[in-house]
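*Asks:* Okay, here's the structure, questions in a sec.
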Amino acid sequence: MSVAAAPARTAPPAWAVQRVSTVLERQGERVGNDPKVIAQKAGLSKSLAKSCMFFISKGG
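If you read the sequence shown in our numbering, its first letter stands for residue 66, the second for the next number, and so on.
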């Protein structure tokens, strides 16, 4: 029985990355790195905000 490899992580949608990026630029230190706060301000789910933050931090 073979074990399938984990699927490659795909990039989050560009519109979501843009929203998170905008929140980080405008709010800066006020939001810190709290995905919950960033998600609320960007109008996204917390998991999508986390994906975007990871993508941005890796230079995506």
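In this text, a Cβ means the ideal position worked out from N, Cα and C, and glycines have one as well. All values derive from a computational prediction rather than experimental measurement.
1. What are the start and end residues of each continuous beta strand (DSSP E) run of 3 or more residues lying completely inside the region 90 to 120, in chain order?
2. Take the Cβ of Ala76 as the centre, count every other Cβ of all protein chains shown within 10 Å, and call the residue buried at 16 or more, exposed below.
3. Output the distance between the C-alpha atoms of Lys123 and Gly108, rounded to the nearest integer angstrom.
4. Where does Thr75 sit, in a helix, a strand or coil, going by DSSP?
*Replies:* Taking the geometry as given:
1. none
2. exposed
3. 22 Å
4. coil
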